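Novice: Let me begin by handing over the structure; questions about it come next.
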Ligand SMILES: CC(C)(COP(=O)(O)OP(=O)(O)OC[C@H]1O[C@@H](n2cnc3c(N)ncnc32)[C@H](O)[C@@H]1OP(=O)(O)O)[C@@H](O)C(=O)NCCC(=O)NCCS
């Protein structure tokens, strides 16, 4: 198997990230403004996975967790989420929120629990994903990071 490397995104990765999100049927809205907090999985110089944070004070929205169709089921999704949560801890974030329509059974393995959408922190509710991109039927989940700010 060819080597997979993980690195943070830069603005020049946007086209590849956008393509991956479109293929995974995830919203693009607002993602480009938060590329500083995206982790990528790269194989043969191609982006095959991503996960991103939108940081709002001591809270963050976890979004855009996607693995390209041909690379799923090999543990990449788990590695991407672990890496982004490690980065969240390093940033001393306290609470991570996510919205998902497609994978509510994927995230409990990291400690995420379902909450009411209204109970998300106000700062995160101001994100484009909450206000516009992710529909009302999406499940809202929360993770509190030990030792976070
Ligand atoms: C969700 C996604 C990122 C998972 O990536 P992946 O690389 O296939 O996941 P992994 O191989 O690391 O999965 C490991 C575990 O999660 C489970 N899993 C994978 N996708 C899942 C899903 N959508 N729902 C529930 N469990 C899932 C696997 O069965 C596996 O379980 P196991 O360890 O008990 O065998 C990928 O399926 C994807 O890109 N989906 C489309 C986009 C999406 O729905 N993103 C999430 C919302 S932001």
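Numbering (this note's numbering), first residue to last: 98 to 246.
For glycine and all other residues, C-beta sits at the position ideal for the given N, C-alpha and C.
Just so it is clear, the structure is predicted and the values come from calculations on it, not from any experiment.
Measure the CB-CB distance between residue 185 and residue 175 and report whether it falls below 8 angstroms.
Specialist: No.
Novice: What did DSSP end up calling residue 220 once you bin it into helix, strand or coil?
Specialist: Three-state DSSP puts residue 220 in a helix.
Novice: Exposed or buried, which one is residue 104 when buried takes at least 16 other CB atoms within 10 Å?
Specialist: So residue 104 counts as exposed.
Novice: How close, in whole Å, do the beta carbons of residue 221 and residue 147 come, if the pair is a contact with beta carbons under 8 angstroms?
Specialist: Not quite, the Cβ-Cβ distance comes to about 20 angstroms (not below 8 angstroms), so this is no contact.
Novice: Please list, following the chain, all residues that have a C-beta closer than 5 angstroms to any non-hydrogen atom of ligand 1.
Specialist: Result: 121, 162, 163, 164, 169, 170, 172, 173, 174, 175, 197, 199, 200, 202, 203.
Novice: For residue 235, tell me which candidate among 223, 212, 241, 129 has the shortest Cα-Cα distance.
Specialist: Of the candidates 223, 212, 241, 129, the one whose C-alpha sits nearest the C-alpha of residue 235 is 212.
Novice: Could you have a look at residue 108 and say whether DSSP puts it in helix, strand or coil?
Specialist: Note: residue 108 maps to helix in three-state DSSP.
Novice: Going by DSSP, what residue range makes up the alpha helix (DSSP H) through residue 157?
Specialist: Counting along the chain, residue 157 falls outside any alpha helix (DSSP H), though it belongs to the beta strand (DSSP E) covering 156-164.
Novice: Quick check: the segment 194-207 against the segment 129-139, are at least 3 beta-carbon pairs closer than 8 angstroms?
Specialist: As far as the Cβ criterion goes, the segment 129-139 does not touch the segment 194-207, which means the pair count is below three.
Novice: Which of helix, strand or coil does DSSP assign to residue 128?
Specialist: Three-state DSSP puts residue 128 in a helix.
Novice: For the alpha helix (DSSP H) containing residue 186, list its first residue and its last residue.
Specialist: Taken as a continuous stretch (DSSP letters only), the alpha helix (DSSP H) holding residue 186 covers 173-187.
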